[in-house]
Structures are given as structure tokens and as C-alpha cells.
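S.K.: Okay, handing you the structure first.
Chains as they are written, first to last, in our numbering: chain Y, 176 to 616; chain H, 176 to 616; chain B, 176 to 616; chain D, 176 to 616.
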């Protein structure tokens, strides 16, 4: 529970008091179009589909530093102090529980408020007890768990991750392949709590935990909240591809001065983040499908720890593109963003949508929540979908499907052509007939 | 036939010789996914739907300066001279016809190669003769006409535009409300030639010419090719809205040094361009639907004539956005673009798709070609669609419909849930059942 | 007394309380090197030369809106409210006097706290009375007057400005060529008060007032405080010239949302500002001396009123330069600056240095204060000096001269060569002897 | 002889043919003011002081790849091919000599045209023979040697560098502390040839070679040509300091795709470059003198190898500054520069000025040439001067001194005050008298 969590909690408390507004949150603010454009049916998502209310939410969590959330928020410096004063009581009331933490996996962070339990399976059981105690004490019906902690060092998938059996054996035997993030994910799934991973580390993204999620019918989502530079990248790259503009190179650098930046100054943690940020372009641009456009571009991503900025991250992107006959052009994007400000509404939406998913009987990987992630999880045999537009349509069409509404496909020829009654989105026969004489001459 | 046309023609000639590639053109390079993701059916658009071939194309047109296209291309400075050498013969062979031109409507341009016909109806007839002569001389089956000329001064719609009758009377009486662009559009539609307008002036965007298009069964499209800054705007603005990030302001400035820039240095021509560029944001952001996010933003657009750049336009955008609890962020975008390089493939695609539309029996406003325009035309009672992604999905789903393929909606829940056979895109019954117990408690 | 003045006053009060630091002020913070580099004599300017102390300063002034300075500071939004709280009393205690104001000269500002005196000479006398009353009431020995008000519309010099006699006749006869800024300047000089003009309007920059300044032995300085974009321009342009890099064009745009921006949205006020900003480059680059480098560049300056930014002005410059064999390069500078934050220390320095100048017996135009101005005043037959470095050297060498210290010229060959005793900065004889055999072969 | 040398040579040949102009070169294009401003004495530097003529220059050099200079220039891609055609003969005629090269010191470069001599002293003697043979074959009176080769890995100074004796012993014994750059410098100084080092490696910057330079009366200069980003830094940083604006941080990143970038992708070579680039700010800003302004800033410099750009390097700087009362501002500078285009005129000027220096009898470190270097050499007990303005004044005042002209100090009070005849730049007595009554009250 650091900068993101304290910004999220302070925000929810401010919104409940009517002092702040949850900008950035689809679940709270976005409308959803139903039916044809002229019908004017555009309810708020939260009026369309039954989500939990902010007033029903209660918060708890772990932290390796042990400060109350007011101290954490002050230290993070994301929200101005005079804003925090309004909810000081609410934040001071949230006291973290001792964390499962191991500096081997987050080398630039010194955890001091940590469970002194050497065995990983025992650590998992202690987390499960925390979860159940919290649920009982607070009289809660349902829970959701979100990983908002620091990026762990990069780990490759290994045999211990490949089945639930191997994984539980690994826990018993303190396998070094199992970092804390996986222990938390295991504890969540064992208690049938939906789980999402906001960092690039593997978390629940291993076959062992997919198996557990299916077994216990729990929805999972991840990985790595899509906040500043990557959000822009997943906007701009699909645009280049839509317009068939080629790419010579994309250079991205980031400066940030918060704890996240300090952790990522460790090359091993950076490696995990870099893989998450790099993968985006290839999946969007499909170099194999478009070798002459995207077969040879140079993609570099840098993150530099730069203390003057605190949480106010800044990204600079230089994009070398080419068009008609190969002539070169350049786009430069300078994003003065606020990491936690972009992440907080994602936390809220994921909590509410994962809770919805479980109630709707959905389980396992929730690809329709790809919208929120830099490295979206999907069925292992499919490619992840990185295009922000497609992710958004997928999210909203999923909500439409869940509520029995017709999905949108934006074809819309029927606004102009008389379609036979009941044709719906099926191919209109008369167009096909018109189409038959198609020849170039 | 200026910078855009000469770049387009030189490009087509180079592509036909195998020296250049038509980057930026969907019709030539883009694939289209058919069926489910795992089917791997991704033909090129041009292999999927029968478009005219580049080798079938023949070019002619009007120009108020009268130079051959090689001279025009040299003067425009878009393509390097050593590239133009390869197709010098082809370009020198294209000699423009005398233009219908009136300096009252394009005040910073001095037309010297102009039809000396005082009456506007007679001018239209002269254009019709040009068209018919060209068709006959070249032995052509079909034509398409594209307006790639300078931006005329801003004109409001007036009674003379409201019906075909009033319009033809206006032509007879030399109404000042009828600029050359409308005379060309009229001539195109009278000869049943599909017509698209690449500039922001009204062109065919008046009820009189919609009437004529419907009467003669001719497809029309427009207005204002979506090239640099506005292309980025229609990528980024939908992204902000998808993420429910609010907007305090958007400041856009452009510097360009070509003839287009010189024409737009006239405030009356700039007014037409400004309206076209300004309208984009409101339609995307829907301030009425989202007053607390988009109710009060400040949107400024500047274009400055800056000769050092020639055709290499540069845009700088500053975007003041806000997120969670109203905290501010900024995005700055610097686009070193090439106007004609971005416009040339649009010209090619529109020519081929409008020709396709006519063969498919489509007529009137082609909203599915909105993808290519800053101020897309649509049914008068609908709002234009500015979101580049929706425009792209609409274009491709229209092609799918024309060929009898299933449209895409990216819902994709069926990859994860077992759907009943034949459910198609209809709401899956079992999800609805699951959904019935939805309550927040 | 608007944004600049309230920021200046609040700052002085905070500095006196030890809460803030006067960053940006040479008079308070800068050292001055005396003698050779190795001597280590680098006193603070304020310890080197006897300047007035902050604790001796007392403030008064006019304002057309009539609010106390605390209200003005809150409204300006430059300093955070919690900073202002510390000096609320001091600021509330400064109540402006009724202004001489005429909306004809500042068309976008509605003055409501204005002297109801129709005759301009009578207005001047009323200002003189204000000055004398303030001096007497506060028991002051010396005064300085600084114009920190809005930019008036552009006026050309005309006969009424050419002599003191003509000017006083113009005052009597209410000449429209005499705007309020000149009436204030006249009142200052009549009371022997040193005067500086922080805006681009003419103010004291007319022969009539030079004459009065000489007659009354009063130092004057101006015009237009050099704050953000122009400060950068006077850094970068001399750099290009030093390196003999040529210039194709320089495009500058500014967005600002404060009252200054609103006033400059009036084209007539903008014209005055534009002239001030444009003149800078030509004087630095000397196109006549370097026609092949600077003979044909395009220089554009835009200012746009953009309310989202308040006082936090932003500038964007694009510079098209060329080097060896004419090959082109580009520099883009994006300055997120704070107008009043940059202006406040200038106000302080000018007040102290003008007071110093009068005590040192200097009078008339003070070219050595050019450092602080966009359009520095100088002897009419000389060109103004815009190069920030030369301005800075001139300022410090003037201080050295005033105190009898040797001036610096940074030649420094004597660190490496043995010079004859007492050679000082005179040409070292032995170098000349060495130089005699200079031939190319 | 790589990108810089071939650009330099092609340029000189083009200038001699009247096809190109030596923009960027002070020796060819800059004027020098003599006397007072109103005297109008502004000769070209080359008309003021007797420099060698371009027509007298002859070129030779070493290269580890062995291509002729036309091939090298084509490969470098700096100058357009149609420009190179005009001087193809001249460039093909310059064939490099086999280099002293050791991959241990430049790890990302594969030298193939290399002297097969194992002993370092013998390598030096081979270089000396090359020099003498060239001088004799071409009938030359004087030579200058410039290091324009790749950056070697970072080496610290060690005992072998501390005296000429130790150094020559090191050569004999193949000391690993002696990289090729020092062997070339030794060969230059032994043949009494003035030498300058354009790369950041130590080169002649060791006491052993200072000793040799003094002994043989040879002028030396270095290190690291000041081209793009650092040139801007030495413009902007002095400006901040002049204005007493504080600094929280300065982040600089560079992307470049030429051989230089490839070499610098080796962390050991980058370390040498980084030290050269980092040192600039501290020396300019003097944190010890101004601890509250510059005591704690964060300075980061990145260089990334990014092939899409070739020689067209791009820098992006973000500067976090603060002003009045500590309020923050930001400057971002984006420099699309051309490394070799900026370096070529430096090579020319250094060649001519070093030759001048030797004829004028100057020897050892030439601090007055600091203007051209990122890490300027100076007397070991002094701080190097990084401020571009001071460097420029120093250069020109040195030329004035050499020719017996009065140096400039820009004090200029005498334009305004009547000075006693012959006062020159000495402190004017009457000002001091005026100054005596200075008191604050």
C-alpha cells in the first residue's frame, strides 16, 4: 500500500464526501451506447450494470514499511496536503498488515514491517489468515485483491510454475522461482478472491495459478497498469498501422523520481518493466504480417531515476515513421503525467469489474479487462490485444453481452441503405447481389 | 493539380515501375481479418475485394497555373529530384486543362491558366465537356474526380444551396454563393462521376448536390483530407475520452511553407480550415454527455505561413488534461510531417474505394469513408464520426459486409466461454442467466 | 499593481521574514569576481557595492482595480495560498491609489478605480501629489518608480514627443498621442524619481522625457522586462552567431492565461509587444554584417490567450538553422515558465540599481541595465545591445567601474605567457613582436 | 578519417570550387569589432589576422578501415550524394595510411587496416615516419594534427602519464595505460606539430605530454569537440546562472545512429564521454559559490545507439529550474542536429588557429581555444572555462591582443559620461568621486 494505494483510497474517501471526483474511472463516469445512434440510449455504465457502490467498499492490505495510509500519502506527495486534510482520519485509520517481503526480489527497497516466517507455504497460509480475519472482522461478503506493490526482478517461467502440484511443492520447498507476488496470488485464489496484478512481474501469470483459478472459479487479470507512456503508445501505434505508415524506430525515455523509479533503477527490476513495455509494439504492429512496414524498426525504452520530479513522471517519445514512397516523418510526444493519478481509477475499475465478473460466473483470465494493462493476459494460444481502441470496444461489448444488449460493430451501412427487416448485422443480401458484378473492367 | 496531385501521380508511376512503394495506402497494403483470430484468414484488402488495378489508371485534371506535372512536382519540392527523374516522362506527359478559377474565392493565388467564361452554368458545361472528351479520348469506362485544390474562403450555407433547382438557377445567375469547388462537383455529378472533396470548403456538401448525387446514383465523400495534426487529434482525443480523462485545453499550432500555407495566410481561407479543424474535438468528446470532463475546455488552432519549411509542415500541440480528483497533466505533441506524403495515399484509396462504391450500387454520402476526412460527411440528422478507430472499423466492416463476411465486434467472450452452437454475436443465453443474480450485496 | 507587483511585494515580505529566498535577483544573490581568477575575491554584489537594504523598503502604487494586494495576489494565482498566508497582513496593508487610466489605450481591461480628471496635465499633477504625499507620510528619503502595468496599444513616435515643450503642451491639450504610461513617467521625472518601464509601450522612451531626465538629473531605464521566451532568445541567438550557424527561420508561439494574456488578445496591444519581441533577433544577428547567414530568415512571434494556464505561460520555439555547406538542423525549445516569478526579481534589482545610479550621479538612459529588458534603451545613435552575455558583462563591469575595480575582459593570455610588469590589459609587447613575422607561408 | 574528416575535407574542396560555403567557421566568416561601436571597424577575422588560406591546405591521415575518403563520405551519409559528386576526385585521391589501432581501447570497432607493429614506441616511430614522409612528399612547411577518431574507453591518469620519462618508458614497455590516442599525440609533439584532440579520451591531456609540448614549443588544445547538446548546455547554463535561477535537475538524452553511436554503446567508451559531458555543468554553475541555487541538482546524461538516425543525432534535454521564492519552471530543448556538420568547421578553425598560435610563438595549452571543446584544457591549477560567451570573448580578445588592438570589456559607460581624455578602460575618476557618498540612507 504505497503511492498508488494511498492515492486511490484518499480519492474514494474524497469522492464519498463529495469533495473530489473520480475522473479517469469508466465504472463511475462513462456512458455506454445501446442500440442505434439515433435512439439516444446512453446510460452510465454504473446505471446499466449492477456494480458495487463506493459506499459499500472497505479497505485493508499489506505494506512492508508499516506506515498508516496518511503518512504514506504525505510521503508520496501525489495529492496536495490541503486535499489530504479532508480525509486524514479515514487514511490514518487504515493500518497495513505485515507483508510477505523478500529483498532478493526488490533489491532497492528495505522492508521493515515484514512477517518473520521462513517457509513460503507458511507465508501463504499467514496471508490466507489475514484475508479471512479481515473478511470476518468487517463482515464482508466479497473481496477483491489487487497487487499495487513494487516491480519485482524479472523471472522467467520455469517448471515449478507449470502445474499447481509443482507450484505447491515449490512453496513447501522454498523454491527461489516463487517470489512474494506469486504467494499473494496463491493466497487470493485459495480464498476464491478475484485477483489482478498491476506490476509487470509474473504474479498469477503462470499455468499453476491459471489452474487454481479455474478450479476455484475465480477471475484473474493483469499485468502492469497501463498508465502514461504505454497508454500513449497503444493509442499512437494502432493509428500508424491503421494508416499503413511504416516505422523506422521508436525511442522512449522516462524520468521519474518516486519509489517506483528508485526500485526500477535496479537493472533486474527494470528488465521486467522493459519486457512489459517493449512487447507492446510488436503485438500491435504485427511485423510478420507487414514486413515492409514494421519488419526492421528499432525500439528502445529507457527509465531513469530522476529525483527532482517525485511522482510526476515525464515521458519523451521520438517516433521515426515513413509514408508514401518511404519518405520520413517524425512525431515527438512529451507527456508530463502523474503515475498514481492515472493508476488510481484503474484500481477502482478493476476492483468493481472483477467483482462483477465473479458474480456473473466468469472465471480464469479476463481478457476483456486488457484495456487496463500493459501486458494483458489472454488465452495462451492467442496473441494479447494491445490496441487501446479494440480493448475498449471489447470491454464495452462484454458489458453489453452480459446484459443481453446487442454488440456494436460500427458498420452502420444500414443508416444509408434500406436493409431487409431483421437483417441485423448479418450480411445484407442486396449488397451481395450488387457486389456480384465486381470486376475491375 | 498541385503538390498533392503531383506527389500522387509520381508515386503511382514509381510503384508501377517497381521503384517505390505505396506506403500509407490501405487499398494496396492493408490486410483484413476474416473470421475468428485463430483462423488466420488475413488477405490483403485488394485480394479480398475487387478493386481497380494501378495499371488500369489514367490521369487528367485542371490547374490554374498550367504547368505540366513534372514542373509542378519540382516546384512543390516534396519528392527528391533524383526520385522524380525516374518518372519524368510520365509526369511531363500530364498537361492540365484550363481551370475554372476565381480569385475572389482564393485570394492569395494568382490563376493564369483559366477558362475565360463569365457565366457559371457555362463554366460547368465546359467542365463537363472536358470530362467527356477525356473519357472518350482515353477510352475509359469509369471515372472518379477528387478535389485536391486550394482551400477556398469560408462560405456559409445559403438558400441557393438548398435544392438542385435553386442551385441551377444560381449557376445561371452567377450567384456569388457558388464557388468553383461547387461547379466542379456539379460537373462531376452530372456526368455520374463519383466525387470526393479533399479541402474544407463546402464542395458537394450542400443539399442541392446531395439531391443530384441521389438522383444520378453517384457516391460522394468529403471533406478535407485528414493528414497530420488532425489525424493525431482524432487518435489522442478518443484515447482521453476512453480513459475518462478530462480536458482543460488543447492548443494547436502549425507552421507550413507551401502554397497551401500561403493560401491559408488569408484569414477568410483560414476560417474555412479552422472550422474544419475545430469541429473535431467537440464531436469526439461530447461535452453535453460529459460536462464535467469536457464542458469548458479551451480549443485554439493556429496555422502560420512559415516559408523555411516548404511542404514539410510541423505541428505542435499542447494538451492540458486532468485525471483522478482533477489533478492536471500535460501532453505535448510535435509532428514533423509531410502534408503531401500523407495526402497522396488518401487520394489513391478514395479513387479506388469510390469506384468500388459505385460498382456496388452505393450512392450519396459514403460515411464509411470518414476515415480519410477531417470533416466527414454523414446523414444530416446524425453526428459525424471523428474517432479514427471507429472510422477504421466502419470502413473494414463495410468491406466485409459488401463481400458477405461476418463483421467484427471484438467482443470475443466466446474464446473463453462455451457458447451454444449458432449463437453468433447474439447475446449468449448462459451469460444472461449467470447475470440474473446481479446485485451489489 | 497586479500579478507582478503582488508577487514582488509578497516575496520581499517573505524574504524579510526568512520564509522565502529571492532567487532570480542579482542584487541579493550574485557574486562579483574581482581581480584574477586565482585571487578568490568573489564578494556578493550587495556586499561589494552599497545598495539599499530590503528592510529599508516601503511600497505604494496605483491600480485601476482598487483591490488590496492580498486580493490581487490571490486572484493572480502565482503564489500558492499557503505561502501568501504568512504575509497576508503585509499585503492587505498595501492599498492602491486611484489610477490614471484610459480604456482607449488598454482596451481589454475595465478600470474601475480611476481618477476622474479629464485633463492630462492635471492628471500628471495629481500623480505628483500622490508621490509627494507618500514620501512625506512615510518619511522617505528616496523613491524609485517602476511601470508594472498592462501593455498599452502600440503608438508611433510623433511630434508631440519630440521636445519637452511640445510634450507639456500636449498634456495641456489632451493630446491622444500621450497615453497614461507617459503621464506617469513625466510625474516621476518631475519629482526627480528614477523610473523604469517594464512594458513595451513607449513610456519614457521619447526625446521629451530624455530631455526632462537630463534636466532633472534622473536615471531612466526600459523597456519590457525580459522574462521567458525572449530571455531564451537572447541566450540562443548569440550562441548561433558566435558559432556562425545560419538561420532560415525562428517561429515563436506563447500561450498564457493571465490578465496580461487577455490584454494582449487585443491586436493593438499585441502590436506593441510584437515589435518589442521581434526587434531582438535583428539586432543580435546583424543581417547587414552577415547577409549569407542572416539576410533572409523568417521570424514569427505569436501570443495566444489560453486561459487554462493562468500565469504559467508556456513558450514553444522552433529554430531552423544551418551549418557547414548549408545543411539544415532544428532546435525546438519548450519553456514552461512563470511570468511573474521571472519578473519579480527584476523589479527588485531595478529598484535597487536605479537608486544606486542616482546616488552615483548617473542620469538619463542607463544602458548598463539592458540586461533586464527586451527592448533596451540606449543612446539614440547606437544600436541597443540584446546579447544577454554582453549585457551581463556590461552590468558587472559598470559596478566594477563605479567602485574603482579593474574591469574584466576574459582575455587571460597572461595566465600562460609571461607579461612585462604593469602591462595590465594593454597589448603585451612581446606578443606583438612574436606576431610580426605572421605570413601564411 | 571517418565521418567528421570526410565531411570536413569534402567541404573544403567544395568551398574552394565555390560550390559550398564554410558556415560554422569563425576563421572564414566571422568579423571582429575593433575600437568603439561607432567606429565601424569590423573586419573579417581572416582579413584581420594572417591565417593560412584554404588554397594552401593539403590533407593526409590514418584510418583503421582503409577506405578512400569518397567511400568513407558515402558510407557516413552526412552529405548528399549529389553534393559529393562535385568533389569525388579530390576525395578518392585521399588514401589513408595504416593506423595504430588496438581494439582493446575501442571495443565496438573492428580495425582492418592496421600497422602490424607490436611495440608502442615502435608504433610511435612509424607514425613519425608517416608524418615526415608526408611533409617531404608534399613539400609542406607546417603541419597540424587533429584527432577526429572514435572515443576510446575511459582511462584514469596513472603514474606512467606523470612525466615524459615515465611515459617514454611506458611506450618501450607497452604499458596498457597508453592508448593509441596518446601515441599519436606523442608523435605529433615529437615532430613539433601542433595537436588538438576532438574526442573525450585523454590524448595529450597528461603531464608527460604537457612537458613535451613545452619542451618542443608546440601548442596543444582539447578535448572533445563541442557540437550539439553540450553546445546548447554551455549556452543555457550560463544564462540560468546570470539570472540567478536555481536548478533542481538537468536530464539529457541523445540518440544517434552513426559509428560514433555504435562505439559509445560500449559502456567503457560511454564512460569517457559521460565524464566529459557531465563536468560541464558543475564548472559553469559553481555549486560551492551558490549552494542554495546549485548545491543539489541531479544531472543525468544518456546516449543511446539508435540506428534509424544515422549521423543526424538528436538530443532532448529537460531542465528543472526554480526562481523567485523557489517556484519551479521547466525548459525542454529538442535539438535535431548533425554531428559532423557541427564538427567540420571546428576542425578547420582549430587547424588554422593552432597554426597561427605556433607562428605567434605560443606553446603548451591554448586555453583561448576552449570555445571549441566540451572539456577544455587549461592550466592545471585553474578551473576550465565552460561558459560559451566567456570562451568566445577570450578567443576574440586573444586575437586582438595578438594584433595589438585594445581588448573589449563591454563596460561602455563612456558612451554616456564624459570621460577625461585618455582614460581608456581605466576606472574613470569622476565616477569614483560620485561614488564616494554611497550610503544606504
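C-beta: ideal position from N, C-alpha, C; glycine also.
#1: Tell me whether residue 471/B sits in a helix, a strand or coil according to DSSP, three-state version.
#2: Within the region 366 to 422 of chain H, note down every full alpha helix (DSSP H) run reaching 4 residues or more, in order along the chain.
#3: Using a Cβ-Cβ cut-off of less than 8 Å, give me the residues of the region 470 to 504 of chain H that come near chain B, in sequence order.
#4: What's the C-alpha gap between residue 482/D and residue 440/D?
#5: Can you check which of these residues, 374/B, 386/B, 351/B, 375/B, is closest to residue 361/B by C-alpha distance?
#6: For residue 262/Y, which three-state DSSP category applies?
#7: Between residue 176/B and the rest of its own chain, which residues show a CB-CB distance below 6 Å, the 5 nearest in sequence each way excluded?
#8: When DSSP labels each residue in this structure, what does residue 327/H get in the three-state scheme?
#9: Check the Cβ of residue 464/D against every Cβ in chain B and list those closer than 8 Å, keeping chain order.
#10: Can you tell me whether residue 595/Y is buried or exposed? The criterion is at least 16 other CB atoms within 10 Å of its CB, across all chains shown.
#11: Kindly indicate which three-state DSSP category residue 216/H falls into: helix, strand or coil?
#12: Which of helix, strand or coil does DSSP assign to residue 595/D?
#13: Cβ of residue 430/Y less than 8 Å from any chain D Cβ?
#14: Once the 5 residues before and after residue 337/H are set aside, which same chain residues still bring their CB inside 8 Å of it?
#15: Distance check for residue 354/H and residue 376/H, CA to CA, integer angstroms please.
#16: If you follow the alpha helix (DSSP H) that residue 340/H is part of, which residue opens it and which one closes it?
#17: Output yes if chain D places a C-beta closer than 8 Å to the C-beta of residue 567/Y; else output no.
#18: List the residues of chain B that residue 424/H touches, going by C-beta distances under 9 Å, in chain order.
#19: Is residue 509/Y close to chain D? Criterion is C-beta to C-beta, closer than 8 Å.
#20: What residues of chain B sit near residue 309/D, judged by a beta carbon separation below 8 Å?
#21: What does a CB cutoff of less than 7 Å around residue 454/B pick up in its chain, not counting 5 residues either side in sequence?
#22: Terminal residues of the continuous beta strand (DSSP E) containing residue 495/H?
#23: Using alpha carbons as the reference points, say which of 327/D, 317/D, 268/D lies closest to residue 281/D.
#24: Take the Cβ of residue 316/H as the centre, count every other Cβ of all protein chains shown within 10 Å, and call the residue buried at 16 or more, exposed below.
#25: Please look up how many angstroms separate the CB atoms of residue 398/Y and residue 429/Y, rounded, as I've assumed it's under 8 Å.
#26: Going by DSSP, what residue range makes up the beta strand (DSSP E) through residue 445/Y?
#27: Among 199/H, 178/H, 200/H, 232/H, which one has its Cα closest to the Cα of residue 530/H?
#28: Taking Cβ positions only, does residue 564/Y come closer than 8 Å to chain H?
#29: Determine the extent of the alpha helix (DSSP H) in which residue 531/H is found, giving its start and end residues.
#30: Taking the Cβ atom as the reference point for each residue, do residue 341/H and residue 364/H lie within a distance shorter than 8 Å?
#31: Note down, in chain order, each residue of its chain lying with its Cβ closer than 6 Å to the Cβ of residue 402/Y, except the 5 sequence neighbours on either side.
#32: Which residue's Cα is closest to the Cα of residue 396/Y: 251/Y, 456/Y, 372/Y?
#33: Alpha carbon to alpha carbon, how far is residue 563/D from residue 406/D? Give it in angstroms, no decimals.
#34: Whether or not the region 288 to 298 of chain H and the region 208 to 222 of chain H are in contact is what I'm after, with contact meaning three or more pairs of Cβ atoms, one per stretch, closer than 8 Å; do they touch?
#35: Quick check on DSSP: helix, strand or coil for residue 252/B?
#36: Name the residue from 450/Y, 499/Y, 449/Y, 472/Y whose alpha carbon lies nearest to the alpha carbon of residue 460/Y.
M.R.: Based on what the coordinates show:
#1: Walking along the third chain from the start, residue 471/B turns up at place 296. Three-state result, residue 471/B: coil.
#2: 382 to 391, 404 to 417
#3: Listed by position, the residues of the region 470 to 504 of chain H near chain B (Cβ gap below 8 Å) are 472, 473, 475, 477, 479, 481, 482, 483, 484, 489, 491, 493, 495.
#4: Translated into positions along the fourth chain, residue 482/D becomes position 307. Translated into positions along the fourth chain, residue 440/D becomes position 265. Distance between residue 482/D and residue 440/D, taken at the CA atoms: about 11 Å.
#5: Here residue 361/B corresponds to residue number 186 of the third chain, with the count starting at 1. Among 374/B, 386/B, 351/B, 375/B, the Cα nearest to that of residue 361/B belongs to 386/B.
#6: Walking along the first chain from the start, residue 262/Y turns up at place 87. It is coil, neither helix nor strand.
#7: Within the third chain, residue 176/B is the residue found at index 1, counting from 1. 236, 238, 271, listed in sequence order.
#8: Here residue 327/H refers to the residue found at position 152 of the second chain. If DSSP states are grouped into helix, strand and coil, residue 327/H belongs with coil.
#9: On the fourth chain, position 289 is the one that residue 464/D refers to. The answer, in chain order, is 206, 217.
#10: Taking the first chain and counting its residues from 1, one reaches residue 595/Y at position 420. Summary for residue 595/Y: the model assigns pLDDT 39, below 50, so the residue's position carries little reliability; its value from the coordinates is reported in the next sentence. By the neighbour-count rule (16 or more Cβ atoms within 10 Å), residue 595/Y is not buried but exposed.
#11: Stepping through the second chain from its first residue, residue 216/H is reached at position 41. In this structure, residue 216/H counts as strand in the three-state DSSP scheme.
#12: What you label residue 595/D is simply residue 420 of the fourth chain in a count that begins at 1. Its pLDDT being 39, under 50, residue 595/D is placed unreliably by the model, and the measurement read from it follows with that caveat. Three-state DSSP puts residue 595/D in coil, outside helix and strand.
#13: What you label residue 430/Y is simply residue 255 of the first chain in a count that begins at 1. Chain D places a beta carbon closer than 8 Å to that of residue 430/Y, counting this residue as a contact.
#14: By one-based count along the second chain, residue 337/H stands at place 162. Taken in chain order, the residues that qualify are 381, 382, 383.
#15: Here residue 376/H refers to the residue found at position 201 when the second chain is read from its first residue. Here residue 354/H refers to the residue found at position 179 when the second chain is read from its first residue. Residue 376/H and residue 354/H: Cα-Cα distance of roughly 9 Å.
#16: Within the second chain, numbered from 1, the residue matching residue 340/H stands at position 165. It spans 339 to 347 - the alpha helix (DSSP H) in which residue 340/H sits, taken as one unbroken run.
#17: Residue 567/Y sits at position 392 when you count from the first residue of the first chain. Cβ-Cβ to chain D under 8 Å: no for residue 567/Y.
#18: Translated into the one-based positions of the second chain, residue 424/H becomes position 249. Here the neighbours are 430, 432, 481, 482, 483, 484.
#19: On the first chain, position 334 is the one that residue 509/Y refers to. Yes, contact with chain D.
#20: Against the fourth chain, residue 309/D aligns to sequence position 134. The contacting residues do not exist; residue 309/D stays about 18 Å from chain B at best.
#21: Reading the third chain from its first residue, position 279 is the one you call residue 454/B. 550, listed in sequence order.
#22: Against the second chain, residue 495/H aligns to sequence position 320. DSSP places residue 495/H in the uninterrupted beta strand (DSSP E) bounded by 489 to 497.
#23: To locate residue 281/D, count along the fourth chain from 1; it is residue 106. It is 327/D.
#24: Residue numbering aside, residue 316/H sits at position 141 when the second chain is read from its first letter. It counts as exposed.
#25: The residue you call residue 398/Y lines up with position 223 of the first chain. The residue you call residue 429/Y lines up with position 254 of the first chain. Rounded, the Cβ-Cβ distance is 18 Å, inconsistent with contact.
#26: Numbered from 1 along the first chain, position 270 holds the residue referred to as residue 445/Y. First-last for residue 445/Y: 442 to 460, but that is the alpha helix (DSSP H), not the beta strand (DSSP E).
#27: Within the second chain, the letter at position 355 stands for residue 530/H. Ranking 199/H, 178/H, 200/H, 232/H by Cα distance to residue 530/H puts 232/H first.
#28: Start at 1 with the first residue of the first chain, and residue 564/Y comes out as number 389. Yes, residue 564/Y counts as interfacial toward chain H.
#29: Working through the second chain from its first residue, we reach residue 531/H at position 356. 514 to 534 is the span of the alpha helix (DSSP H), which, as asked, contains residue 531/H.
#30: Within the second chain, numbered from 1, the residue matching residue 341/H stands at position 166. Within the second chain, numbered from 1, the residue matching residue 364/H stands at position 189. Annotated as distal: residue 341/H and residue 364/H, with beta-carbon spacing of 8 Å or more.
#31: Within the first chain, numbered from 1, the residue matching residue 402/Y stands at position 227. So the list reads 514, 517, 518, once near-sequence residues are dropped.
#32: Looking up residue 396/Y in the first chain gives position 221. The option with the nearest alpha carbon to residue 396/Y is 372/Y.
#33: Position 231 of the fourth chain, counted from the first residue, corresponds to residue 406/D. Position 388 of the fourth chain, counted from the first residue, corresponds to residue 563/D. In a straight line, the C-alpha of residue 406/D is about 8 Å away from that of residue 563/D.
#34: No, they do not touch.
#35: Translated into positions along the third chain, residue 252/B becomes position 77. Of the three classes helix, strand and coil, the one that applies to residue 252/B here is coil, per DSSP.
#36: Sequence index remark: in the first chain, residue 460/Y carries index 285 (1-based). For the residues 450/Y, 499/Y, 449/Y, 472/Y, the minimum Cα distance to residue 460/Y belongs to 472/Y.
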